[in-house]
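Its first residue numbered 0, the sequence shown is counted upward by one per residue in numbering that gives the first Met the number 0.
All residues carry an ideal CB built from backbone N, CA and C; glycine is no exception.
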Amino acid sequence: MISTKKIRVMTLLLLVTLLLPFNLKASGKGTISGKIIDAETGDVLRRATVALQGTKLGAFSDVKGQYKLRDVPEGNYTIQVSYVGYKQKKIENIVIDPKQETIYNIVLESAVSRTQEVVVEARRENNNAAALLVQKKNAAQLSDGISMEEIRRTPDSDAGQSLRRVSGVTLVNDKFVYIRGVSERYSNTTLNGTSLATTEPDKKAFAFDMFPSEFLENANVSKSFTPDMPGNFAGGLVQLNTVEFPARRSFKISFGTSMNDNLTLDKKFYSYQGGKQDWLGFDDGTRSLPKNFPKNPDAMRELVNNLRSDDQAVLLKATAEWEKLGKEFNSKTWSRDTMRAPLNGSINMAYSDIFRIGDGDFGVIASAMYGNTYSNNDIYRATLESNGSVYNYNAGTISTYSANLSGLFNVAYKFGSNNSISWKNTYNNCGDNETTIMQGKKDQVLTRQYGYNFVQKTLFASQVGGEHNLTFLNNSLIDWKFGFSNSLRDEPDFKRVRYSRADTANPLMVDIYDLAGNGYLAGRFFSNLSEDALTAALNFTLPIDQLKIKTGFMWEGKQRDFAVRSLTINKSNLMLKYYYDNDFDYVVPNYGDENFYNTQFTEGPEALFGNPDNFSYDRLGIGEETKPTDSYQAKEGLVAGYVMGDMPFDISDHKLRVIAGFRVESSSQNLQSLYPIAYNNTDSLFVDKNYIDVLPALSMVYELTNEMNLRMTASQTLTR
């Protein structure tokens, strides 16, 4: 597991890398580059020939289908693209500008007649959009997505905001996606083809609000299944891909700011006193449990039991320790304020470059981003009866300050035109600081609720992968990848307190009256999640004339630890039944300071709980309601293999493409309580299951016209 300290150091090193000096002089010659794509399948074409007419310059498309013509003098040119079994294509009137790279993605169509060369001439046009549409139209799966060009034209700041523009995708709570109308538990997410660890403790979901859209090359949503995809989804598979290879050398610094005319510079943003690193999205320990706090719920229960001991020495020691607990919490975090929300801001630095090493290209992409936002959301919660009446309603405001710190560092090397390896790294840390104030009525009782919450989510993902084109084996392709991701979710000291009054003539008083305590009414909640995910995959694609056979395997392992401490704030006379007098002569009953309960219970949270002196044997104390089953450890393992075929057929003047195959997945799940349970003789083991699933798939794509396809797909997937 990678510690937060190490991740911060890596981020600083990335920032230093961005500021390294480099040469940006123009060479006086330009470059033409792009990608060669099959019009029928949307796949890239490797070893296609690209020639610059009138010159001796030419190139082959590489293992990724990309070509590059270097050192092209200024002027007007025509390029000619040819590939065995495809119609030849010409693009004319290409103007070379030495200050920038000229990019043309080219779509090739299969030749109708293979006995003679067919030449198709086309006017100069930007084929980037056309290539993207072809890939969507002719993909093996029913899919949709959004490209880098589309993302850059929108004001979206994170992946969730970008994905909501995809047909059939709904963004919920600004971070989760519903695909085809089903909840996030029926979807799956990958980054650069490998599994991602999640930051959500109670659901199978990925929080897309923590991934910057600036880092995306494209985001694709597959709504149907083919055997070369993970089988663990029913609604859809979201595939996020970061930029792998830069198009040119560049260095960019951008600044952004925004405002909300209903909030910015208006004094109605609620906040509370946090730590010195909140502006970066990190908690600096301000909200941590006291250093000597009982390490687990059992130790806390033992301390509370000792508060009722008849042994004088045990009772005195326990009372001193217990009083100290309440006083050692950081009392300043109860301080609340109303402020003027400043402008939202962001800064982004990005550097990319290509170096010629031997007969290959070495590409570097580095980016760092920081941003923050202020927002106010009105909330209304109520219970609605079948007759339309409303009761138990609450209305109020959530003020949220969000900070995001992100970094990306990718390197790739293409040696020759048939081999490519890459190393991709992504880091993101976001912190959401929320202050909630609500008022309402419950069973004719007027209530007011306060909540102060800070959630820090961190994701680190790293992947090594390669692609190798085997020219001696009919241009077959081997691609492999190893991926690691770690997610952390820290929720330190979520403070909640409720005040109520049954009679409007009386003041609001804090709701502390339950013998066992109630953390929802008055409490402090701590949780921490850590998850590691490892992935390894190997794929082999073999073209045999028009038939394409693909097979491969994948291994995946995940491990998660989730720990909870749910604390309550109680009246001391409900926790400590007796205490010794000042001379330690005899035990007297503890009835508590009734004057304190009757008068100061009407004070606000900052005065009542922010004063350490109020935590004593006759006023307030700390209890715990954590259940052993609140915290857990879980493991998941998966081994999968598949085989599939992709075959086109000609039916009259139309084409029918058939993709068929199956996938076998062997999975295991293990879940157990983090804290042992006395009545469970199996060491708190709740789940220990193994499954073997066979997942068949059949897809058919029928070309009605050149612009329209008809799809039929049948498959079996699952949700774990």
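Please determine, among the options, the residue with the shortest C-alpha to C-alpha distance to residue i.
i      : options                        : result
Ala562 : Thr457, Ser672, Ser667         : Ser672
Gly234 : Glu635, Arg447, Lys456, Val176 : Val176
Phe539 : Asp478, Asn705, Gly57          : Asp478
Pro732 : Leu68, Glu213, Ile436, Ser253  : Because the chain spans 0 through 719 in this model, residue 732 falls outside it and cannot be assessed.
Asp96  : Arg46, Asp157, Gly53, Thr30    : Thr30
Asp227 : Leu162, Glu216, Ala138, Ala158 : Ala138
Ser484 : Ala504, Gln462, Ala515         : Gln462
Leu573 : Tyr400, Ala312, Tyr512         : Tyr512
Lys423 : Asn432, Ala411, Gly415, Gly430 : Ala411
Arg69  : Asp649, Ile78, Gly57           : Gly57
Asn329 : Arg335, Ser287, Ala312         : Ser287
Gly415 : Ala381, Thr470, Val454         : Thr470
Phe408 : Ala365, Gly450, Asn428, Asn371 : Ala365
Ser334 : Ser351, Gly273, Leu697, Leu306 : Gly273
Glu327 : Asn304, Thr399, Arg152, Asn291 : Asn291
Arg710 : Ala319, Gln52, Ser142          : Ser142
Val313 : Lys688, Pro154, Leu575, Lys88  : Leu575
Ser32  : Gln65, Ala38, Leu694, Val43    : Gln65
Arg45  : Ser385, Tyr269, Lys34, Arg152  : Lys34
Val630 : Leu487, Ser475, Asn295, Asp502 : For the sequence presented, residue 630 should be read as Ser rather than Val. Here the closest residue by C-alpha is Asn295.
Pro211 : Arg355, Ala402, Ile93, Ser388  : Ala402
Ser351 : Asn468, Thr446, Phe244, Lys275 : Phe244
Phe250 : Gly387, Val363, Asn217         : Val363
Asn219 : Val389, Tyr103, Ala158         : Ala158
Val94  : Tyr690, Arg179, Tyr103, Lys88  : Tyr103
Ala504 : Gln558, Arg488, Leu445, Lys494 : Leu445
Ala110 : Leu670, Ser565, Gly84, Glu199  : Gly84
Report the CB separation of residue i from residue j in whole angstroms; it is logged as a contact under 8 Å.
i      : j      : result
Gln438 : Asn393 : 7 Å
Asn187 : Leu236 : 5 Å
Ser194 : Thr534 : 5 Å
Glu213 : Met368 : 6 Å
Asp431 : Ala340 : With 8 Å as the limit, Asp431 and Ala340 do not qualify as a contact, their Cβ atoms being about 15 Å apart.
Tyr82  : Ala50  : Actually they are not in contact, since the Cβ atoms of Tyr82 and Ala50 sit about 12 Å apart, beyond 8 Å.
Tyr596 : Val586 : At roughly 22 Å, the Cβ-Cβ gap does not stay under 8 Å, so Tyr596 and Val586 are not in contact.
Asn371 : Ser257 : At roughly 11 Å, the Cβ-Cβ gap does not stay under 8 Å, so Asn371 and Ser257 are not in contact.
Glu39  : Pro647 : 6 Å
Tyr641 : Ser666 : With a Cβ gap of about 14 Å, Tyr641 and Ser666 do not count as contacting.
So residue i is in the beta strand (DSSP E); what residue range does that whole segment cover?
i      : result
Lys654 : 653 to 672
Gly362 : 359 to 383
Gln238 : 235 to 241
Pro200 : Element bounds for Pro200: n/a, residue is neither H nor E.
Phe493 : 475 to 500
Phe408 : 389 to 414
Tyr271 : 266 to 271
Ala606 : Not the beta strand (DSSP E): Ala606 falls in the alpha helix (DSSP H), residues 604 to 607.
Ala696 : 684 to 704
Ser161 : No beta strand (DSSP E) holds Ser161; the alpha helix (DSSP H) holding it covers 158 to 162.
Ser81  : 74 to 81
Kindly identify the DSSP beta-bridge partner or partners of residue i.
i      : result
Lys251 : Ala349
Phe552 : Leu537, Gly640
Val444 : Lys441
Ile621 : Ile568
Thr457 : Asn428, Leu487
Trp278 : In DSSP, Trp278 forms no bridge with anything.
Ser529 : Leu487, Asp560
Tyr577 : Pro588
Asn219 : Gly144, Gln238
Asp37  : Leu107
Lys634 : Gln558, Asn669
Ile356 : Gly359
Asp544 : DSSP lists no partner for Asp544.
Gln462 : Lys423, Gly482
For the alpha helix (DSSP H) containing residue i, name the first residue and the last one.
i      : result
Ile90  : Run containing Ile90: none in the alpha helix (DSSP H); it sits in the beta strand (DSSP E), 87 to 95.
Gln311 : 311 to 327
Ile150 : 147 to 151
Ser184 : Rather than Ser, the amino acid found at residue 184 in this sequence is Arg. First-last for Arg184: undefined, no H or E at that position.
Arg300 : 296 to 305
Asn594 : 593 to 598
Open item on the list: Pairs of beta-carbons, one from the segment 371 to 379 and one from the segment 347 to 360, closer than 8 Å: are there three or more?
Closed with: no
Open item on the list: Quick test of the definition: if touching needs 3 or more C-beta pairs under 8 Å, does the segment 645 to 664 touch the segment 689 to 705?
Closed with: yes
TODO: Would you be able to state if there are at least three C-beta pairs under 8 Å between the segment 540 to 556 and the segment 632 to 640?
DONE: yes
Task: Contact between the segment 446 to 454 and the segment 156 to 173 (3+ Cβ pairs under 8 Å) - done: no
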